[in-house]
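Taken in order, these protein sequences are the chains called A, B and C. In terms of the working numbering, the first sequence opens at residue 1 and continues consecutively. In terms of the working numbering, the second sequence opens at residue 1001 and continues consecutively. In terms of the working numbering, the third sequence opens at residue 2001 and continues consecutively. Positions of the beta carbon are idealized from the N, C-alpha and C atoms, including for glycine. Computed from a predicted model, the values in this text were never measured in an experiment. As structure tokens, the structure follows; a few thoughts come after it.
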Amino acid sequence: MTLKGRDIISFFDFSREEVEYLFRRADELESLRRGETLNVANGKIVAVIFFEPSTRTRLSFTMAVKRLGGDVLDFGEVQRTSVAKGETLADTIKMIDGYKVDLIVLRHPSEGASKLAAEFAEAPVINAGDGSREHPTQTLLDLYTIWREFKHIDNLNIGIMGDLKYGRTPSSLSYGLSLFSNVKIYYIAPEILQIREEVLEMVERKIRYEKIEKLQDAINELDVLYVTRIQKERLPNPEEYEKLKGLYTVTPSSLEGCKENLIVMHPLPRVTELSPEVDSTKHARYFQQAVNGMVIRAALIKEILGLEG
Amino acid sequence: MTLKGRDIISFFDFSREEVEYLFRRADELESLRRGETLNVANGKIVAVIFFEPSTRTRLSFTMAVKRLGGDVLDFGEVQRTSVAKGETLADTIKMIDGYKVDLIVLRHPSEGASKLAAEFAEAPVINAGDGSREHPTQTLLDLYTIWREFKHIDNLNIGIMGDLKYGRTPSSLSYGLSLFSNVKIYYIAPEILQIREEVLEMVERKIRYEKIEKLQDAINELDVLYVTRIQKERLPNPEEYEKLKGLYTVTPSSLEGCKENLIVMHPLPRVTELSPEVDSTKHARYFQQAVNGMVIRAALIKEILGLEG
Amino acid sequence: MTLKGRDIISFFDFSREEVEYLFRRADELESLRRGETLNVANGKIVAVIFFEPSTRTRLSFTMAVKRLGGDVLDFGEVQRTSVAKGETLADTIKMIDGYKVDLIVLRHPSEGASKLAAEFAEAPVINAGDGSREHPTQTLLDLYTIWREFKHIDNLNIGIMGDLKYGRTPSSLSYGLSLFSNVKIYYIAPEILQIREEVLEMVERKIRYEKIEKLQDAINELDVLYVTRIQKERLPNPEEYEKLKGLYTVTPSSLEGCKENLIVMHPLPRVTELSPEVDSTKHARYFQQAVNGMVIRAALIKEILGLEG
Chain A
1 MTLKGRDIIS
11 FFDFSREEVE
21 YLFRRADELE
31 SLRRGETLNV
41 ANGKIVAVIF
51 FEPSTRTRLS
61 FTMAVKRLGG
71 DVLDFGEVQR
81 TSVAKGETLA
91 DTIKMIDGYK
101 VDLIVLRHPS
111 EGASKLAAEF
121 AEAPVINAGD
131 GSREHPTQTL
141 LDLYTIWREF
151 KHIDNLNIGI
161 MGDLKYGRTP
171 SSLSYGLSLF
181 SNVKIYYIAP
191 EILQIREEVL
201 EMVERKIRYE
211 KIEKLQDAIN
221 ELDVLYVTRI
231 QKERLPNPEE
241 YEKLKGLYTV
251 TPSSLEGCKE
261 NLIVMHPLPR
271 VTELSPEVDS
281 TKHARYFQQA
291 VNGMVIRAAL
301 IKEILGLEG
Chain B
1001 MTLKGRDIIS
1011 FFDFSREEVE
1021 YLFRRADELE
1031 SLRRGETLNV
1041 ANGKIVAVIF
1051 FEPSTRTRLS
1061 FTMAVKRLGG
1071 DVLDFGEVQR
1081 TSVAKGETLA
1091 DTIKMIDGYK
1101 VDLIVLRHPS
1111 EGASKLAAEF
1121 AEAPVINAGD
1131 GSREHPTQTL
1141 LDLYTIWREF
1151 KHIDNLNIGI
1161 MGDLKYGRTP
1171 SSLSYGLSLF
1181 SNVKIYYIAP
1191 EILQIREEVL
1201 EMVERKIRYE
1211 KIEKLQDAIN
1221 ELDVLYVTRI
1231 QKERLPNPEE
1241 YEKLKGLYTV
1251 TPSSLEGCKE
1261 NLIVMHPLPR
1271 VTELSPEVDS
1281 TKHARYFQQA
1291 VNGMVIRAAL
1301 IKEILGLEG
Chain C
2001 MTLKGRDIIS
2011 FFDFSREEVE
2021 YLFRRADELE
2031 SLRRGETLNV
2041 ANGKIVAVIF
2051 FEPSTRTRLS
2061 FTMAVKRLGG
2071 DVLDFGEVQR
2081 TSVAKGETLA
2091 DTIKMIDGYK
2101 VDLIVLRHPS
2111 EGASKLAAEF
2121 AEAPVINAGD
2131 GSREHPTQTL
2141 LDLYTIWREF
2151 KHIDNLNIGI
2161 MGDLKYGRTP
2171 SSLSYGLSLF
2181 SNVKIYYIAP
2191 EILQIREEVL
2201 EMVERKIRYE
2211 KIEKLQDAIN
2221 ELDVLYVTRI
2231 QKERLPNPEE
2241 YEKLKGLYTV
2251 TPSSLEGCKE
2261 NLIVMHPLPR
2271 VTELSPEVDS
2281 TKHARYFQQA
2291 VNGMVIRAAL
2301 IKEILGLEG
């Protein structure tokens, strides 16, 4: 199996076999998890082009490259660049590609931006989020966090809670989970923020699901509780945000009656939806997601660049 | 011949011999063109100080340094720096120079800024554009792109089109071409944007030239067509910009009747003055200018730092 | 003596022995002062997290890391990060720490931020300025500059001039000097900007001091004149700033009657309080503070990371 030279545009491009292959490769990078730097990417330069801010993703990719021994060429802030002069994405990508970077990591507000970039670039392109749908390495790190915990994903009960309608994570995680067998998803949200029909249509032959309004109604069933932020900027007005944000907050008492080995995940940053008091419970895994994200991205980059060792 | 330790402030500081020497050195860096990293600049740190944004130039220099095996110290955005507190350029430069960087690459909105910086810095200084006149490495990469194509620059017919009055490239390219023999320049622009008299006075003993209004009147004579952007910010008012920008747009049909081996160049970013349909013609060379820019800058840095190998 | 793994939150955490130990370690890094790069920190990655701009400090730490052979992970501008989405400092630090950086350098506008960060991070934390009080490496570099000049700090007469009330440097330098014996400080400022009582209370058993209004009254006694900026942003209104800034300006004639080996220091950036004409006198040391800052920070990082060679 090889991912060498592959563009990573959509999570749908991966087979289950490839995903599990990447998880095993990531597990081999145990030294990165301890903070050691490998030298396998010496002399490799990865362009990091973010057309919208996303600290966590940018730093995670940057750290992955540096821990492999490579370096990044950071495009910098878009407002200060030639893009502000009206340059097209195709021209920007062709320029960067012309500098002969080894890989392009692209974040862009428009759906399809990464696919377009991949058409114009000789270097492989990794989609680090474009528009409201695709962010394949986020899905990869979410699944990897579950897999690392349970050693499998089949047969698990996963609760996804918060803004399921406007958030990107709930739908992309649903697609990701549909690669596996006998997964059940509990969609936990108020009606107004429930998962969209189009998502359910895509996954319903692969997973079982239930839409519920209250965490208590499923807490005893869950292996994973994935909490997401209710994003003010996705909601039609601030009043709706104020009304909803309080209702879906996870605290230690929300977890009463849960399974012994339940894990709580969150893509971060969190605001009020996940109480800091959960951090010290044995269920918290959201900070470990950060290092998992760095490690799985390193594994992916290593495979795409065909690096040995 | 050595450029070791030299400040590169003005293109006029170069002799024809030095320019051609750099072209040959750049051709030897073929491995950079293929995306390999050399180790000749290991441990060298180049300060990249941009007082105004210029993505292309900043990334090109940064990539050149990294591909040589060195690293950069990026000053960051000026609005967020001590400069915003009222610090003088001399003080900023002395501070950076005090960190013992190996080379300073400076972009500044004021004419003479690089010369001033060179007076205060022990490290060599490369002018990456100061004010509206000098940007020596841009001229170098433009000439290198022509030289790489034709193996000579003497005797060529060069069309320069667009905003010849307010743009920096047309005048600096004219000066650059005046180092060579028997070059003819066609200045293609509306009267209001024609090349300034002071430029013609400086080059008229070295080159032949003709001012024309329409590309068609010279297209069959040209070896090179250098298209430039009509920059809104240089024009007295937006109406003038709207009126002019449409008139000087190059499309495949504009090139009808051209020489077989005509090359079309553009400093990029482009907006509307150069149609993307030209990209797939055999004449397009503007994206190759990007990699040429990185390579010739690497060659220059290698010479200034006196690096072997 | 070892500083390995230590958090550097407050200058008070250092003993006199540790400070002098660091000065000697810094002196051994003579090669950094000449612009050579060591390889002792190869593979080490230092997170540089600045929640408020401070070019000089950021570049100085970055350069220190790179000259040791390590690399930095720069958090970037806060406005463009997850912090702007309402993330707490604790979460930001846990995220960065999760990437397994080797060291965190933190600048933050709030007092106590570094202490909080150190509680949440496994990696050691260096306070690069938090709030209006602590900036331990600034104090270290100020003292190191004096020590390097005189080979001792005991028994010196130090004038500190400018905004002693609102500035951070005058108070932290006072604390720093109180580690040594028989130091006398002349506080030179208008009454409205004189040193705060709380500072005097902390240092009065350790140092002798005198509050004066005019530099002339002490210039013949001083071994060191430390000039500071009157910071507009710290003053209640712009009129007060305009009135005061002219009164406390050091020129060559201000130095008449001074000791032969007086040194003039300034944390930089300067505006009008220190005339550029002083630069060419034998007394100026403020640009040497820059390289001293880089070198002492390199020495500190080297010790904290436990690097050999």
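- Counting C-beta pairs closer than 8 Å gives fewer than three between the stretch 2264 to 2278 of chain C and the stretch 2012 to 2023 of chain C, which falls short of the contact rule.
- With respect to residue 2029 (chain C), residue 2291 (chain C) sits apart: the two C-beta atoms are not nearer than 8 Å.
- Residues of chain C whose Cβ lies closer than 8 Å to the Cβ of residue 60 (chain A) are, in chain order, 2099.
- Neighbourhood of residue 2290 (chain C) in chain B, by CB distance below 8 Å: 1094, 1095, 1098, 1099, in chain order.
- Per the coordinates, the alpha-carbon of residue 1160 (chain B) lies some 11 Å from the alpha-carbon of residue 1209 (chain B).
- Close partners of residue 45 (chain A) in chain B (Cβ separation under 9 Å): 1035, 1037, 1063, 1066, 1067.
- Closest in alpha carbon position to residue 174 (chain A), among A:196, A:190, A:191, A:268, is A:196.
- The C-beta distance from residue 304 (chain A) to residue 53 (chain A) rounds to 24 Å, too long to fall under 8 Å, and the pair is not in contact.
- Counting only residues of its own chain and dropping the five nearest sequence neighbours on each side, residue 2149 (chain C) has a CB closer than 6 Å to the CB of 2263.
- About 5 Å separates the beta carbon of residue 61 (chain A) from that of residue 105 (chain A), a gap short enough to meet the 8 Å contact definition.
- Residues of chain B with a Cβ closer than 8 Å to the Cβ of residue 2265 (chain C) do not exist; the shortest Cβ-Cβ separation is about 14 Å.
- Counting along the chain, no alpha helix (DSSP H) covers residue 1 (chain A), and no H or E run does either.
- Of all alpha-carbon atoms in B:1158, B:1198, B:1176, B:1245, the one lying nearest the alpha-carbon of residue 1221 (chain B) is that of B:1158.
- Within the model, the alpha-carbon separation for residue 223 (chain A) versus residue 26 (chain A) is close to 22 Å.
- Under the three-state reduction of DSSP, residue 2259 (chain C) is assigned to coil, being neither helix nor strand.
- Around the Cβ of residue 2152 (chain C), a 10 Å sphere holds fewer than 16 other Cβ atoms; the residue is exposed.
- If you look at residue 2021 (chain C), you'll find it in the alpha helix (DSSP H) that goes 2016 to 2028.
- Here the C-alpha atom of residue 193 (chain A) lies approximately 56 Å from the C-alpha atom of residue 1255 (chain B).
- When C-beta distances to chain B are compared with 9 Å, the residues of the stretch 2239 to 2269 of chain C below that value are 2268, 2269, in chain order.
- Nearest neighbour of residue 1089 (chain B) by Cα position, chosen from B:1073, B:1117, B:1071, turns out to be B:1117.
- Taking a contact as a CB-CB distance under 8 Å, the pair residue 1073 (chain B) and residue 1047 (chain B) counts as one, their CB atoms being some 5 Å apart.
- For the options B:1308, B:1297, B:1307, B:1309, the alpha carbon positioned closest to that of residue 1022 (chain B) is the one of B:1297.
- Here residue 1285 (chain B) is near residue 1145 (chain B), since their CB atoms are less than 8 Å apart.
- In this model, residue 1202 (chain B) and residue 1156 (chain B) are separated by some 19 Å (Cα to Cα).
- For the pair residue 154 (chain A) and residue 181 (chain A), the CB atoms are nearer than the 8 Å cut-off.
- Look at residue 86 (chain A): its C-beta is under 8 Å from a C-beta on chain B.
- Of all residues in the stretch 269 to 281 of chain A, only 269, 270, 271, 272, 276, 279 come within less than 9 Å of chain C when Cβ atoms are compared, listed by chain position.
- When DSSP states are grouped into helix, strand and coil, residue 1107 (chain B) belongs to the strand group.
- Using a Cβ distance threshold of 8 Å, residue 2134 (chain C) and residue 2011 (chain C) count as a contacting pair.
- Out of C:2035, C:2103, C:2282, the CA that lies nearest to the CA of residue 1098 (chain B) is found in C:2035.
- For residue 2184 (chain C), the enclosing beta strand (DSSP E) starts and ends at 2184 to 2188.
- If you draw a 10 Å sphere on the C-beta of residue 1245 (chain B), you find 16 or more other C-beta atoms in it, and that means buried.
- The C-beta distance from residue 2076 (chain C) to residue 137 (chain A) rounds to 19 Å, too long to fall under 8 Å, and the pair is not in contact.
- Bounds of the alpha helix (DSSP H) holding residue 2116 (chain C) are 2113 to 2120.
- Taking the CA atoms as reference points, residue 2128 (chain C) sits about 19 Å from residue 2044 (chain C).
- Counting along the chain, the unbroken beta strand (DSSP E) around residue 1071 (chain B) starts and ends at 1071 to 1074.
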